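A short worksheet on the structure shown next.
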Amino acid sequence: MRAADLPLRYNAVEILEHNLAERAGKRALDGPAGERTFAEVAEEANRVGNALQELGVRAEDRVAILLPDSPEWAAAFFGTLKVGGVALGVNTLLTPSEHAYILRDGKARVLITDGSLAPAVAAALESAAGGLPDLEQVIVVGDSGRALADEVPADEAPLAGLSVPSLDYSGWIGAQRAELAPAATHREDFCTLNYSSGTTGTPKGILHAHKDLALSARLWGVGALGLREDDVAFSNAKLFFTYGLGGSLIFPWTVGASAVLNPGAGRDTPAVLSILERYRPTIFFNAPTGYAAMLAMPDLAREHDLSSLRLCVSAGEALPAPVWHGWKETTGVEIIDGIGSTELFHIFISNRPGKVRPGSSGTPVDGYAMRIVDEAGEALPTGEIGNLLVRGETAALFYLHQEALTRRTFLGEWVWTGDKYRVDEEGYYWHAGRTDDMLKVGGIWVSPVEVEGTLLGHPAVTECAVVGVPDSVGLIKPKAWVVPAPGFEPTGELAEELIAYCGESMAAYKRPRWVEFVEELPKTATGKIRRFKLRDAAGAHSRR
Ligand code: 3UK
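Converting from the sequence shown to my numbering requires adding 5 to each position, the first position being numbered 1.
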């Protein structure tokens, strides 16, 4: 399938609504946050769309969704798309200043959030330097939303004393009609905006068009993975990642399959296991750390019934071969590792069921082409490690407000991935690290520069360097080398204190797992830290 096979006027709400003719009463969503049929989701999305229009939201306006994975997330998303808006899925795990940056840079007009996240939103609004001039309305899902809106007349209800009015979600959509005609969007109009972290810690805004969602569902979801109508998908990657958005909503609904949503933390392994047992998905999307964490549970196969699974998917970072074999031996199910990115919307190199090479990312997905080149841009022979470039019709066009970085990344038809790869004689691609110092920890970006900056905020740290070091199963975690400040003893307690300090000052997954004290850091003549020296010195570490 190619983009040109879609109608010129195409709105990706079709991915939800094509199900109305064939299976309106079928369960579209299941899970602890509630069940919905396709008809119910479509109706709720229409109400959201009407309510957004009443607020003045028009084509291309951004609507931020800062919610746990839930039916409301799905309704907010498709309601936004249907009126021609752009859904900005926001990572719930970020700090207030990161939230503020994203809402401001992304020019969100409306923010749909949850009562449980209201304190985070209040902190974000407070920490926004210069305020959030584009944000006009906050909608709050959940009980605290109702409480908040009940206290004061709806149009005057400020969230935590701030000047942005807030409304309760159910009241907001309750008064709306359940019918709505879709905006006649062009298939190349933008419909999603996601922020992906960068080396300097400044997130990059990435827009995707309606066509990208439909195409990647066909190319990878159906073409490579083989999703079917009778599948039940469950993604432990959240909806605010395009990995989770594809796995939980876009791909299953493209084929009329249903999905399970988990509003809880993906890192809560026992809770994730109980969802697998209770809602019995057939396809499970996770990051390598998630699989490793499950395998580390005592008696995984004997204690938990995972018999509903027919396939598992891994993305976000490379899946070590031992984790693949461990999972296969324990559950009998294959993990399909594939590399995707926010820039390409989803997976573009992938293993295929029954043809997996454990430890490799697989082969190019139909519709995508790869080049592996040296520093001068020349193609390298088979087997040699080089820089991976990818071409495909689901590629984004630019980074929002970041022209210099855009020109270095979006090279005409080709996208610079920042990944090192080699391809073997049989055409399988093997990940060989990043070209920058960025780390993927649990499938999520961590900038060593950001962790270093945080550590330097502690009085005991004179100088430090953070690099990725493999743990006992081969998964990368941040490790810090620290030159202690005069008067501070390099003890185990101080190491623990620094780790805890990082865990509190940033999202906890970014904290170093190990701290090693040194008298000085290895440097080049020009004073740059020689990170590869530290990486080489580290070897494998215990699991943390
Ligand atoms: C790394 C992998 C080795 C790689 C993503 C599936 O991870 C996703 O998107 P991001 O924008 O990061 C992209 C970068 O992550 N990576 C992802 N998958 C793998 N490295 N093996 C893998 N299987 O460095 C890549 O450039 O956060 C993954 C679908 C949608 C996504 N957005």
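Built from N, CA and C at the ideal position, the CB exists for glycine as well.
All values derive from a computational prediction rather than experimental measurement.
Go ahead and pull the three-state DSSP assignment for residue i.
{"i": "P208", "result": "coil"}
{"i": "A165", "result": "In this prediction, A165 scores a pLDDT of 49, lower than 50, which makes its location untrustworthy; no coordinate-derived value is stated."}
{"i": "M6", "result": "coil"}
{"i": "I534", "result": "strand"}
{"i": "P363", "result": "coil"}
{"i": "G111", "result": "coil"}
{"i": "K333", "result": "helix"}
{"i": "M375", "result": "strand"}
{"i": "G458", "result": "helix"}
{"i": "E131", "result": "helix"}
{"i": "K216", "result": "helix"}
{"i": "Y174", "result": "helix"}
{"i": "Y433", "result": "coil"}
{"i": "V62", "result": "coil"}
{"i": "L11", "result": "coil"}
{"i": "E408", "result": "helix"}
{"i": "G136", "result": "coil"}
{"i": "V472", "result": "strand"}
{"i": "A189", "result": "coil"}
{"i": "T247", "result": "helix"}
{"i": "T440", "result": "coil"}
{"i": "T422", "result": "strand"}
{"i": "P453", "result": "helix"}
{"i": "A222", "result": "helix"}
Only counting the same chain, and skipping five residues up and downstream in sequence, which positions put a Cβ closer than 7 Å to that of residue i?
{"i": "A113", "result": "R67, V68, A69, L93, D139, L140"}
{"i": "F403", "result": "T411, F415"}
{"i": "E525", "result": "V488"}
{"i": "G147", "result": "D119, G120, S121"}
{"i": "E48", "result": "A183"}
{"i": "T42", "result": "A29, G30, K31, R32, A33"}
{"i": "E193", "result": "A214, K216"}
If the criterion is Cβ atoms closer than 8 Å, does the pair residue i and residue j meet it?
{"i": "A8", "j": "E398", "result": "yes"}
{"i": "P495", "j": "F522", "result": "yes"}
{"i": "R233", "j": "V260", "result": "yes"}
{"i": "I390", "j": "Y433", "result": "no"}
{"i": "I107", "j": "V95", "result": "yes"}
{"i": "A505", "j": "L98", "result": "no"}
{"i": "S240", "j": "S253", "result": "yes"}
{"i": "H546", "j": "V474", "result": "yes"}
{"i": "W258", "j": "N16", "result": "no"}
{"i": "W435", "j": "S365", "result": "yes"}
{"i": "K484", "j": "R535", "result": "no"}
{"i": "E184", "j": "N356", "result": "no"}
{"i": "I255", "j": "I20", "result": "yes"}
{"i": "A292", "j": "A242", "result": "yes"}
{"i": "L573", "j": "F195", "result": "Residue numbering for the chain in the displayed model covers 6 to 549; residue 573 lies beyond these limits and cannot be assessed."}
{"i": "H406", "j": "G210", "result": "yes"}
{"i": "A320", "j": "G343", "result": "yes"}
{"i": "A38", "j": "P268", "result": "yes"}
{"i": "T247", "j": "H215", "result": "no"}
{"i": "L244", "j": "D476", "result": "no"}
{"i": "T335", "j": "L305", "result": "yes"}
{"i": "V208", "j": "E103", "result": "Here residue 208 is Pro; the residue named in the question, Val, does not match the sequence. In contact: P208 and E103 (Cβ atoms closer than 8 Å)."}
If residue i and residue j are in contact, beta carbons under 8 Å, what's the gap, nearest whole angstrom?
{"i": "G36", "j": "Y284", "result": "6 Å"}
{"i": "A129", "j": "P101", "result": "4 Å"}
{"i": "S313", "j": "P286", "result": "6 Å"}
{"i": "V18", "j": "L86", "result": "5 Å"}
{"i": "V88", "j": "V126", "result": "The pair is not a contact, with the Cβ atoms about 23 Å apart (cut-off 8 Å)."}
{"i": "G367", "j": "I354", "result": "6 Å"}
{"i": "G423", "j": "R439", "result": "6 Å"}
Within the same chain, show all residues whose beta-carbon is closer than 8 Å to that of residue i, passing over the 5 residues directly before and after it, in chain order.
{"i": "E380", "result": "N392"}
{"i": "V46", "result": "L21, A33, L34, P76, A79, A80, F83"}
{"i": "Q579", "result": "Because the chain in this structure spans residues 6 to 549, residue 579 falls outside the shown range and cannot be described."}
Closer than 6 Å by C-beta to residue i: which residues in its own chain qualify, once you throw out the five before and the five after it? Chain order, please.
{"i": "G331", "result": "L300"}
{"i": "T467", "result": "V488, A490"}
{"i": "V157", "result": "Confidence in V157 is poor, its pLDDT being 43 and thus under 50, which makes the residue's placement unreliable; the coordinate value appears in the next sentence. Contacts found: none."}
{"i": "A270", "result": "none"}
{"i": "W419", "result": "L394, R396"}
{"i": "S221", "result": "F350, H351, T399"}
{"i": "G447", "result": "A292, T294, Y514"}
{"i": "R362", "result": "Y433"}
Are there any heavy atoms of the ligand GDP lying less than 7 Å away from the beta-carbon of residue i, as far as the coordinates show?
{"i": "D217", "result": "Within the structure as shown, the ligand GDP is missing, the only ligands being the ligand 3UK."}
Open item on the list: Ignoring anything shorter than 4 residues, give me the alpha helix (DSSP H) runs that lie fully in the stretch 15-59, in order along the chain.
Closed with: Here the runs fully enclosed are 19-28, 43-59.
Task: Continuous alpha helix (DSSP H) assignments of at least 4 residues falling wholly in the stretch 75-105 - done: Segments of the alpha helix (DSSP H) lying fully in the stretch 75-105: 76-87.
TODO: Give, in chain order, every unbroken run of the alpha helix (DSSP H) that is at least 4 residues long and sits entirely within the stretch 477-542.
DONE: Counting only runs of at least 4 residues, the stretch 477-542 fully encloses the following alpha helix (DSSP H) elements, listed from N- to C-terminal order: 497-510.
Open item on the list: Threshold first: 4 residues or longer. Then list the alpha helix (DSSP H) segments lying entirely within the stretch 250-338, N to C.
Closed with: Fully enclosed alpha helix (DSSP H) runs of 4 or longer: 256-259, 274-284, 293-300, 305-308, 326-336.
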